[in-house]
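Asks: Protein chains in written order, with my numbering: chain A, 42 to 125; chain B, 42 to 125; chain C, 42 to 125; chain D, 42 to 125.
Don't be surprised by glycine CBs; every beta carbon is placed ideally from N, CA and C.
(1) Please compile the residues from chain A whose C-beta is within a distance smaller than 8 Å of the C-beta of residue 84 of chain C.
(2) Please list the residues of the segment 44-77 of chain C that have a C-beta atom closer than 9 Å to any C-beta atom in chain A, keeping them in chain order.
(3) Starting from the C-beta of residue 53 of chain D, find all residues in its chain whose C-beta is less than 8 Å away, skip the five residues before and the five after it, and write them out in chain order.
(4) Quick one: does residue 119 of chain D have its CB under 8 Å from some CB of chain A?
(5) How many angstroms separate the CA atom of residue 79 of chain C from the CA atom of residue 79 of chain A?
(6) Give me the residue from C/42, C/117, C/119, C/118 with the minimum Cα distance to residue 74 of chain C.
(7) For residue 113 of chain D, decide whether its Cβ has a neighbour in chain A, counting only Cβ atoms nearer than 8 Å.
(8) Given a cut-off of 8 Å, decide if residue 111 of chain C and residue 126 of chain B are closer than it, judged by their beta-carbon atoms.
(9) Can you confirm whether residue 91 of chain D, when its beta carbon is compared against all beta carbons of chain C, has any partner nearer than 8 Å?
(10) Short check: CB of residue 113 of chain A to CB of residue 48 of chain A, under 8 Å?
(11) My output table needs one value for residue 76 of chain B: the three-state DSSP class, helix, strand or coil.
(12) Between residue 125 of chain C and chain B, is any beta-carbon pair separated by less than 8 Å?
(13) Enumerate in chain order the residues of its own chain whose CB-to-CB distance from residue 77 of chain A is below 6 Å, with the five nearest sequence positions on each side excluded.
(14) Using a Cβ-Cβ cutoff of less than 6 Å, which residues in the same chain neighbour residue 118 of chain D once the five nearest sequence positions on both sides are dropped?
(15) Does any residue of chain D have a CB that is nearer than 8 Å to the CB of residue 116 of chain C?
(16) Any idea if residue 121 of chain B is buried or exposed, counting beta-carbon neighbours within 10 angstroms, 16 or more meaning buried?
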């Protein structure tokens, strides 16, 4: 299992990016993966492929809407742990 | 195109992780993707799917060798740029 | 005000780093700064100098105990916001 | 000694942030610290206090010019190594 915290937002849309962050959170919620919101990002829990599948889908939601997008992902893999 | 800088290493193997980093760099080199080594990680250039395909392959090389792996990925997407 | 999420741990101590993370959290708690724990790190809220003062103190607690330490810090500054 | 890679830029100024990045690089260059530019950030080498002194000065250059600033810092401390 991995825990992956990520944040993803356009940097060409001005100070507030909530319009874009909401779309991502909505997608994650519908994806059915375990997640937790923090003030600095979203933490996903699942297999590597599940987690990166969802993150890639989020990118593809933002990609057509923005010319520049920053993404930061921090992953903690711990063998055999449900929650590291 | 995206630029993605990443570092990935086991944290249960002691101070030196070069044995593992070498395997990752070797895989990236054979993968045929544009890359650049820095003192703090590896920068990949390609489409989102190319880049994350290679990063996922690197994880799968380390996964059977380690109980705990840290991965940090920073991505800069810029529409229509070969090199952001 | 800034929100700063950080994680800091030795990478030469094996799979479990809880002995070290506990020391950091204990120090943050005594420092009197606003903070929130997440499964992936600690979020501090305050001025730039307050936040980096505390992070530097945490490093100085771990430095004499370890030969290799990884630190990741992500900062969101938003002018005039108490909570970005 | 620490190696610290960091990137710092306003996110309320549109797609291109080169006007701000140039000011930071200029400051680092004048500060006399060892550094290396990469396509994704700047790597500083020095003691913890030297490195974070310079990063804090960079923040104070951007702070009066922007309402929202993202900073990402990744630090690798290795005891007794000049270059980890």
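Replies: Walking through what the data contain:
(1) 79, 80, 81
(2) 44, 45, 46, 48, 56, 77
(3) 107, 108, 109
(4) no
(5) 7 Å
(6) C/42
(7) yes
(8) The question about residue 126 of chain B has no answer here: the residues shown for chain B are numbered 42 through 125.
(9) no
(10) Contact flag set, yes.
(11) strand
(12) With a pLDDT of only 40 at residue 125 of chain C, under the threshold of 50, the placement of this residue in the model should not be trusted; the figure read from the coordinates follows. Closer than 8 Å: no.
(13) 84
(14) 43
(15) yes
(16) Exposed, because fewer than 16 other Cβ atoms sit within 10 Å of the Cβ of residue 121 of chain B.
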